[in-house]
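Q: When you read off a place in the sequence shown, starting at 1, and then add 3, the result is the number in this note's numbering. Where is the CB? At the ideal position from N, CA and C, for every residue including glycine.
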Amino acid sequence: MKSDWKSRFAANVREFEGYPIGKTIKYLTDPEIISLAGGLPSPDVFQRSEVRLASRKILEEDIDRIMQYSPISGEGSLYHAVLGFLARDDIHIGEENLLITTSGQHGLDLVGRLFLEEGDVVLVDRPTFAGALVAFSMQRPRFVGIDIERDGSDVSGMREKLEQLYREGSTSKFIYVVPDFQNPTGITMSLAKREALLDLSYEFDVPIVEDSPYRDLRYRGETIPAIFTLDQRREGGHVIGLYTFSKLFCPGMRVGFNIGPAAVIERMTHIKEGNILNTPKYNQDICTAFLEEMNFEAHIEKCRIYYREKLAVFFETMEEHFPPEMGVSWTRPEGGLFLWVTLPKHIDTDELFFDAIEHKVAFVPGEQFYGENADRNHMRINFSFVSKDQLAEAVKRLAACIRKRL
Ligand SMILES: Cc1ncc(COP(=O)(O)O)c(C=O)c1O
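#1: Using a Cβ-Cβ cut-off of 6 Å (strictly less than) and excluding sequence neighbours within five positions of R307, which residues of its own chain qualify?
#2: Quick one: grab the DSSP three-state call for L126.
#3: If you compare alpha carbons, which of S193, G155, R270 is closest to F118?
#4: Going by C-alpha to C-alpha distance, which of K9, E64, K284 sits closest to Q71?
#5: Can you list, in chain order, the residues of its chain with a C-beta nearer than 6 Å to that of D358? Leave out the 5 residues immediately preceding and following it.
#6: For G21 and I75, I'd like the C-alpha separation in whole angstroms.
#7: Would you kindly check if the distance between the Cβ of P130 and the Cβ of P187 is under 7 Å?
#8: Cα separation between P34 and E328?
#9: When DSSP labels each residue in this structure, what does K305 get in the three-state scheme?
#10: Taking 7 Å as the cut-off, decide whether the C-beta atoms of A133 and V158 are in contact.
#11: Taking the alpha carbon of E171 as the reference point, which residue from V124, F184, T191 has its own alpha carbon closest?
#12: Contact between the region 366–382 and the region 5–15: three or more CB pairs below 8 Å?
#13: Given the structure, does F388 come close to ligand 1, in the sense that its CB is under 6 Å from one of the ligand's heavy atoms?
#14: What residue range is occupied by the uninterrupted beta strand (DSSP E) comprising L413?
#15: Rounded to whole angstroms, how far is the Cβ of R257 from the Cβ of N281, which I believe are closer than 8 Å?
#16: Let me check understanding here. Comparing Cα to Cα, which of T27, I289, G240, Q235 lies closest to F248?
#17: Taking the continuous alpha helix (DSSP H) assigned at F207, which residues delimit it?
#18: Mapping the DSSP letters down to three states, classify K342 as helix, strand or coil.
#19: Assuming M297 is part of the beta strand (DSSP E), what are its boundary residues?
#20: Quick one: using the 10 Å Cβ neighbour count with 16 as the cut-off for buried, is L62 buried or exposed?
#21: Using the Cα positions of E99 and N261, report the straight-line distance between them to the nearest angstrom.
#22: Let me know if I103 comes out buried or exposed under the rule of 16 or more other beta-carbons within 10 Å of its beta-carbon.
#23: Assuming E396 and I37 form a contact by the criterion Cβ under 8 Å, report the distance between their Cβ atoms to the nearest whole angstrom.
#24: Determine whether the Cβ of L86 lies closer than 7 Å to any Cβ atom of chain B.
#25: Taking DSSP's pairing of strands, which residues face V181 in a bridge?
#26: Name the one or two DSSP bridge partners that G435 has.
#27: Spatial neighbours of K391 within its chain, please: C-beta separation below 8 Å, excluding the five flanking residues on both sides.
#28: Threshold first: 3 residues or longer. Then list the beta strand (DSSP E) segments lying entirely within the region 232–261, N to C.
#29: Indicate the three-state DSSP secondary structure (helix, strand or coil) for G189 in the structure shown.
#30: Provide the residue(s) that pair with D150 in DSSP beta bridges, ordered along the chain.
#31: Decide if L136 is buried, meaning its Cβ has at least 16 other Cβ atoms within 10 Å, or exposed.
#32: Provide the residue(s) that pair with D214 in DSSP beta bridges, ordered along the chain.
#33: Should Q167 go down as buried or exposed, given a rule of 16 or more other Cβ atoms within 10 Å for buried?
#34: Residues in its own chain within less than 6 Å of S121 by CB, not counting five upstream and five downstream?
#35: Would you say the beta carbon of T247 comes nearer than 6 Å to a heavy atom of ligand 1?
#36: Could you name the residues that DSSP lists as bridge partners for H324?
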């Protein structure tokens, strides 16, 4: 029996290997490696003293409730703060439309468990967020990816795909998008495309899952309304929004929230009952304090200035070390934490990754961001975490190892 565990595993996870980025990260233990691989916010913008202060207050005032089980749907005080946070974005919902989650990844897991069965189709961008693919994969759906364009999802391509599925007597369970500063490409979906995606959603009766961890991290250009907002201004009830405090505040608290139609939120709450019960009250209270007591707008502005400067350093050094004749191109995100570098077709970034490790620099091979038919000549770059000097040095090292493969 000891040697035959695998055959006992449930079919849906028997071959499941988790997060592909996790496998990459194990190579990054060498402290000399400059890693552009993770999706980490910079500790330089962490609100340490504010968190210490809030923490002391919360523990002094409410330690008994902190140490106890708490409501599965979330703390009333955080509900109140989140409804205010969303109202800034012209999203107006009731408590029945909101569920506190234990981070964005948990929000994705709830979506997968709620909607997907083996073989169900999910329409996604090519590339798309690897963590969503991992979360949904546990239900063994079929990902249908449509190449993302400079202004976001290829909505016409998605329409063709839905028409084809319809002819085959099938459909997509939902469409998953990250419209603002998408992970991994940094691309933002235009207003016209957001409206067109909603048209598609209404016409084919397919919900949209809008994942929004980066929405407030805009460094240039005008904010575009969330798809959730646009849906509320039109028919309403077609969009499920996923949010997390991980990127704006800090990932360590593991708190996020899902919003959507009451029937969806109710069933997600039941699933949460079955998978983790309550999100720790302490962590929720710290997030409430983040929204209500830590000068939220000033913090966001600080993050914007800080990350904007880093992104500028990255662009400058890329231009210096990757002249046009190298055939390397990169996206120009208006916000978020990532960008996407495209290398000449013959360079396999899975292989390049190991050269890069030897050159003491790391990135995430693009292959990990495809639900099907992966492209192999892209790199996802995170510019938020390392210092400006390290960022410039990392670009230099990347250029050196890429030159060897040209
Ligand atoms: C698009 C997207 N959704 C969800 C998440 C998950 O965030 P969390 O750290 O809160 O689980 C991430 C994290 O990188 C992300 O980029």
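A: This is what the structure holds:
#1: The residues Y222, in chain order, have a CB closer than 6 Å to that of R307 in the same chain once the five nearest residues on each side in sequence are set aside.
#2: Residue state, collapsed to three classes: strand.
#3: Per the Cα distances, R270.
#4: K284 is the residue among K9, E64, K284 whose C-alpha sits nearest the C-alpha of Q71.
#5: Within the same chain, D358 has close Cβ partners C404.
#6: Whole-angstrom Cα-Cα distance: 26 Å.
#7: Cβ distance < 7 Å, so P187 and P130 count as in contact.
#8: Between the alpha carbons of P34 and E328 lies a distance of about 33 Å.
#9: The answer is helix: DSSP assigns K305 an H, G or I state.
#10: Judged by their CB atoms, A133 and V158 are not nearer to each other than the 7 Å cut-off.
#11: It is V124 whose Cα lies nearest to the Cα of E171.
#12: By the C-beta criterion, the region 366–382 is judged not to be in contact with the region 5–15, since fewer than 3 inter-stretch pairs fall below 8 Å.
#13: If you check the C-beta of F388 against ligand 1, you find no heavy atom less than 6 Å away.
#14: An answer regarding residue 413 cannot be provided, because it is not within the stretch 4 to 409 covered by the chain.
#15: The Cβ separation is near 12 Å, so there is no contact.
#16: Minimum Cα distance to F248 is reached at I289.
#17: Here the alpha helix (DSSP H) through F207 covers 194–207.
#18: According to the sequence provided, residue 342 is Leu. The question's Lys does not apply to it. If DSSP states are grouped into helix, strand and coil, L342 belongs with the strands.
#19: Taken as a continuous stretch (DSSP letters only), M297 belongs to no beta strand (DSSP E), as it is neither H nor E.
#20: Exposure of L62 is indicated by the presence of fewer than 16 other C-beta atoms within 10 angstroms of its C-beta.
#21: So the alpha carbons of these two residues sit roughly 11 Å apart.
#22: Buried is the call here.
#23: Contact check for E396 and I37: beta-carbon distance about 6 Å, within the 8 Å limit, so the pair qualifies.
#24: Among the chains of the structure shown, chain B does not appear; only one protein chain is present.
#25: Its beta-bridge partners do not exist; DSSP assigns none.
#26: Look at the range of the chain in this structure, 4 to 409, and you will see that residue 435 is not part of it.
#27: Sequence-distant Cβ neighbours of K391 in its own chain, meaning closer than 8 Å and more than five residues away, are E312, K313, V316.
#28: Every unbroken stretch of the beta strand (DSSP E) spanning 3 or more residues and falling wholly within the region 232–261 is given here in chain order: 242–247.
#29: It is coil, neither helix nor strand.
#30: Looking at the DSSP output, D150 shares a beta bridge with R129.
#31: L136 comes out buried.
#32: Paired residue(s): L245.
#33: Taking all protein chains in view, the Cβ of Q167 is surrounded by fewer than 16 other Cβ atoms within 10 Å, so the residue is classified as exposed.
#34: One detail in the question is off: residue 121 reads as Glu in this sequence, not Ser. Excluding residues within five positions, the ones whose Cβ falls inside 6 Å are R143.
#35: Remark: the shortest separation between the CB of T247 and any heavy atom of ligand 1 falls under 6 Å.
#36: DSSP lists no beta-bridge partner residue for H324.
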